[in-house]
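Asks: Protein chains in written order, with our numbering: chain A, 78 to 579; chain B, 1044 to 1133.
Beta carbons: idealized from backbone N, C-alpha and C, even for Gly.
Attaching a single structure in structure tokens format; questions to follow.
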Amino acid sequence: MRDSYIDIITIRRKVFAKIAQLAYEDVDLLLLNREIYDLLPGEQATYRESIFRERAVIGERLRMALGLNARTAAETGAVTEGIDIVDIDRLVYNRPLVEVIKIACEACPEKHMIVTDNCRKCLAHPCVNVCPKSAVSIGKHAAIIDQEKCIKCGKCVEACPYHSIVTTGRPCSEACGVNAIHSDYLNRAEIDDDKCVACGACITACPFGSIADKSQLYQLIRSIKRGEPVYAIVAPSFVSQFGPLAKPAQVFEAIRQLGFTDVIEVGMGADLTTLNEAVEFLHHVPGQKPFMGTSCCYSWKLMVQKNFTAQNDHISESSTPMIYSAQQLKARTPGAKVVFIGPCISKKLEALQDSVKDSVDFVITFEELMGMFVAREVEPSAMQPQRDPAEASATGRSYAYAGGVAAAVTSRIKELDPEREVRFESVEGLHDCVKLMRLAKAGQKNGMLLEGMACTGGCIGGPGTLVPLARAKKNIQAFAKESPFASPADNTHLAAADKPVL
Amino acid sequence: MKIAICTGSKCTFYGSSHIIESLEDLQESMQTMEGIRDDFVLEIELLPCEGHCKGDEKVAPLVYVDGEAVPMATGPMIMERVLNEAMRID
């Protein structure tokens, strides 16, 4: 979430609230066209050059929020086209998860350097003198960069005393840590699904709001309305996401108000991840694995899987907090439907894996959940909950921010083997995850525990969040202190048989 | 000067969180900004939902500037009100 992109964020959120409202109120989806006019009334454009294009774009947004693919201008017919396949009460998934809305993409130029009006055509012209490719010359009015020759080294940008040369490019591809975005035949962004790890950084970065992921909101609400026992498992980063006055217990109660049977903390599953990873580390590092990568961030795992095949086995085999939580819940409550609610969109992909799909029925983001609160006019801060959430240990709750996972696992290792010195490193942001793995591959991280978080700040920086990092972290740390369990080993919600031993 | 910001679901969803961040950031910047009156104090209050937005799309986010209701408020709108007051010359 990038706070200053408020206008784009608001459009996306209006779409989520609208889809939630349609689902709750049983509105016939064939009337979707009417809803577009409700969202964008009148004759004048607010955001783009024409109201026609605005309505076409929001139509595709609504379709993606329903789970359909975004269409190009060549295919854009009625907004209701093919809508019956998503008008159901169980998960639908049309590949890919993250897509460019082509009719919204403004085809930003790829990375290059340009000379701005600041250029004073100075006598010293260091831009010319530092260029290793003779790409800069002095023209009639200003310096000129020959884009054919330029290798984008940035020397001229640094050298100019007037800051007149700037680097510009595509926010989406700059945000992508795995180089998955290139250009299509109209120079618009195109995501290579084989490279994409669904971290969602491009969705957050695009200043035109042209990239989106698909939502399962509609089908989830249909499932709740059918009367199925739907349980919410909520990621540790939920604290303070739903308004500054809403306490954690009130958020859980508000979720129940939406029709969920009950709510549990994914921090409980995080405790199992900690217990398992600590034992795994002691057993396998440095014997079978030269180093061990943490397992909780699915985008980090996918990045390793796709780019570091030989090192893939060095990522922990322990399950993720989402999977452990879902399994625990389903084992205790046969017939339960489980919804993971988190800051993350790659969890939507993780939940589709063969080994996971029976445990997790739906995945939605905090932002999508807030759309449900708005549609139902539920006010978390007005709730009067009977009890506080108490399913996770302090370190399980700290999984929410960068560094929290490594801290949890290393402190558990210390409990098991006080003699063992564990070195660890935590990185955040997919670019740095890739850098860390390059060093690990080169043997420079042997013996270490490596925590990779695809999002800057860790989960609290995820694309589906609602509050800035600093505020979220402060509140999570306070919530962690309130946990009844200091160590995951003390967690009485976990059966002794489930807790691994050395 | 007192700015009261509604933090109900709808106001939070449609921008009050951004307004809070903007004002807290401004509060910090004002400490070193020139032309701020010595006696100027900015008080930020967070309000629970009072229901004004229900059934009306033209309210959230709702902010009160010294008691005066500002519907569909934005960060820049409120920041400007604050700075105009903070830099007022009597």
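Can you say whether alanine 408 of chain A is buried or exposed, counting buried as having 16 or more other CB atoms within 10 angstroms of its CB?
Replies: exposed
Asks: I'd like to check one pair, glutamate 267 of chain A with valine 177 of chain A: are the Cβ atoms closer than 8 Å?
Replies: yes
Asks: Keeping to the same chain, check which residues put their C-beta closer than 8 Å to that of serine 488 of chain A; ignore five residues upstream and five downstream.
Replies: Only Thr472 and Ser564 meet the Cβ criterion.
Asks: At what residue ranges does the stretch 1090-1121 of chain B contain a whole run of the beta strand (DSSP E), taking only runs of 3 or more?
Replies: 1106-1108 and 1111-1113
Asks: State the CB to CB distance for the pair proline 1104 of chain B and serine 1059 of chain B, rounded to an integer number of angstroms; the pair is presumed to be in contact (CB under 8 Å).
Replies: 4 Å
Asks: Drop a sphere of 10 angstroms on the beta-carbon of threonine 1075 of chain B, count the other beta-carbons inside from all chains shown, and report buried for 16 or more, exposed for fewer.
Replies: exposed
Asks: On the criterion of 16 or more Cβ atoms from any shown chain inside 10 Å, does glutamine 121 of chain A qualify as buried, or is it exposed?
Replies: exposed
Asks: What's the call for aspartate 261 of chain A, buried or exposed, on a 16-neighbour Cβ count within 10 Å?
Replies: exposed
Asks: Flag this pair as yes or no: are the beta carbons of glycine 541 of chain A and glutamate 444 of chain A separated by less than 8 Å?
Replies: yes
Asks: Arginine 130 of chain A: which of A/Ala219, A/Phe285 and A/Ala484 sits nearest, CA to CA?
Replies: A/Phe285
Asks: Going by DSSP in three states, methionine 525 of chain A sits in which element: helix, strand or coil?
Replies: Taken through DSSP and simplified to helix, strand or coil, methionine 525 of chain A comes out as coil.
Asks: Rounding to the nearest angstrom, what Cα-Cα distance links arginine 474 of chain A and isoleucine 400 of chain A in this structure?
Replies: 16 Å
Asks: Where valine 1084 of chain B and glutamate 1123 of chain B are concerned, what is the direct C-alpha to C-alpha distance, given to the nearest angstrom?
Replies: 15 Å
Asks: Using C-beta distances below 7 Å, list every residue in its chain close to valine 482 of chain A, excluding the 5 sequence neighbours before and after it, in chain order.
Replies: Thr371, Cys373, Tyr476 and Glu528
Asks: Roughly how many whole angstroms lie between the Cα atoms of isoleucine 1132 of chain B and valine 1106 of chain B?
Replies: 25 Å
Asks: For isoleucine 537 of chain A, go through chain B and note every residue whose CB falls closer than 8 Å to its CB, in chain order.
Replies: Those do not exist, as isoleucine 537 of chain A stays about 14 Å from chain B at its closest Cβ, beyond 8 Å.
Asks: Grouping DSSP H, G and I as helix and E and B as strand, with all else coil, what is threonine 87 of chain A?
Replies: Reduced to three states, the DSSP call for threonine 87 of chain A is helix.
Asks: Would serine 1065 of chain B pass as a contact of methionine 447 of chain A if the rule is Cβ separation under 8 Å?
Replies: no
Asks: Pick out whichever of A/Asp161, A/Leu168, A/Ile180 and A/Tyr124 has its Cα sitting closest to the Cα of alanine 151 of chain A.
Replies: A/Ile180
Asks: Check whether the stretch 191-202 of chain A touches the stretch 161-171 of chain A, taking contact to mean three or more Cβ pairs, one atom from each stretch, closer than 8 Å.
Replies: Too few Cβ pairs lie closer than 8 Å, so no.
Asks: Should aspartate 330 of chain A and serine 393 of chain A be called a contact, given that it needs their Cβ atoms to be closer than 8 Å?
Replies: The question names aspartate, but residue 330 of chain A is glutamate in the sequence shown. In terms of Cβ geometry, glutamate 330 of chain A and serine 393 of chain A do not form a close pair [threshold 8 Å].
Asks: For the stretch 447-458 of chain A, list every residue whose C-beta sits within 8 Å of some C-beta in chain B, in sequence order.
Replies: Met447, Gly448, Phe450, Val451, Glu454, Val455, Glu456, Pro457 and Ser458
Asks: Any chance the stretch 239-251 of chain A sits against the stretch 181-189 of chain A, with 3 or more Cβ pairs inside 8 Å?
Replies: yes
Asks: Roughly how many angstroms lie between the CA atoms of isoleucine 1121 of chain B and glutamate 1067 of chain B, to the nearest whole one?
Replies: 12 Å
Asks: Could you work out which residues of chain A lie near isoleucine 1063 of chain B, taking near to mean beta carbons separated by less than 8 Å?
Replies: Pro321
Asks: Which residues of the stretch 1111-1123 of chain B have a Cβ closer than 9 Å to any Cβ of chain A? Give them in chain order.
Replies: Listed by position along the chain: Thr1117 and Gly1118.
Asks: Are three or more beta carbon pairs between the stretch 132-152 of chain A and the stretch 350-369 of chain A nearer than 8 Å?
Replies: no
Asks: Taking Cβ to Cβ, would you say cysteine 532 of chain A is nearer than 8 Å to glutamate 498 of chain A?
Replies: It is not a contact, given that the beta carbons lie outside the stated cut-off.
Asks: Anything in chain B within Cβ reach of aspartate 80 of chain A, meaning under 8 Å, just list it in chain order.
Replies: Ser1060, His1061 and Glu1064
Asks: For the structure I just gave you, are there three or more beta carbon pairs, one from the stretch 304-317 of chain A and one from the stretch 403-422 of chain A, closer than 8 Å?
Replies: yes
Asks: Answer yes or no: does any C-beta atom of chain B fall closer than 8 Å to that of valine 578 of chain A?
Replies: no
Asks: Using a Cβ-Cβ cutoff of 9 Å, what residues of the stretch 525-550 of chain A are near chain B? List them in chain order.
Replies: Leu543, Val544, Pro545 and Arg548
Asks: Any chance the stretch 195-204 of chain A sits against the stretch 233-241 of chain A, with 3 or more Cβ pairs inside 8 Å?
Replies: With a cut-off of 8 Å, the stretch 233-241 of chain A and the stretch 195-204 of chain A count as touching, because enough Cβ pairs lie within range.
Asks: Can you pull out the residues from the stretch 1080-1091 of chain B whose beta carbon lies closer than 7 Å to at least one beta carbon of chain A?
Replies: Leu1089 and Pro1091
Asks: With DSSP as the reference, label serine 214 of chain A as helix, strand or coil.
Replies: strand
Asks: Taking only runs that begin and end inside the stretch 305-339 of chain A, name each unbroken beta strand (DSSP E) of 3 or more residues, in chain order.
Replies: 307-311
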